[in-house]
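A quick write-up on the structure given underneath.
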Amino acid sequence: MASKFSKRIMLGHSIIALCCAAFLFVGIYIQGIWKELPSIENPNALLARQSLVIQDRNGNELYRFYDEEDRRLLHSDIFWSLFYSGSP
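In the numbering used here, the protein residues as written are 24 to 111.
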């Protein structure tokens, strides 16, 4: 009887240890992802470098726009007012 009881205790401790290890692993993983996220205090830092390529029907490159050419940052109040009005 004592051996069954000790096996159950050992199994219970193993499950608790496995859950703690999994919780610790997930916490460290999320912390690593959190550190790599950009700061939201500066919206301009969130902009990704973008390029636009215009091609003809044969796949030949006609134009290429780099970085921030012809792009501007819209504030949220302007964006939503344009969105709801439906006009550019």
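Where a beta carbon is used, it is the ideal one built from N, C-alpha and C, also for glycine.
Boundaries of the beta strand (DSSP E) around I77: 75 to 78. In the three-state DSSP reduction, L47 falls in the helix class (H, G or I). Annotation: L69 is outside any beta strand (DSSP E) and is labelled neither H nor E by DSSP. Cα atoms of R87 and N81: separation of roughly 16 Å, rounded to the nearest angstrom. Looking at the DSSP output, F102 shares a beta bridge with no other residue.
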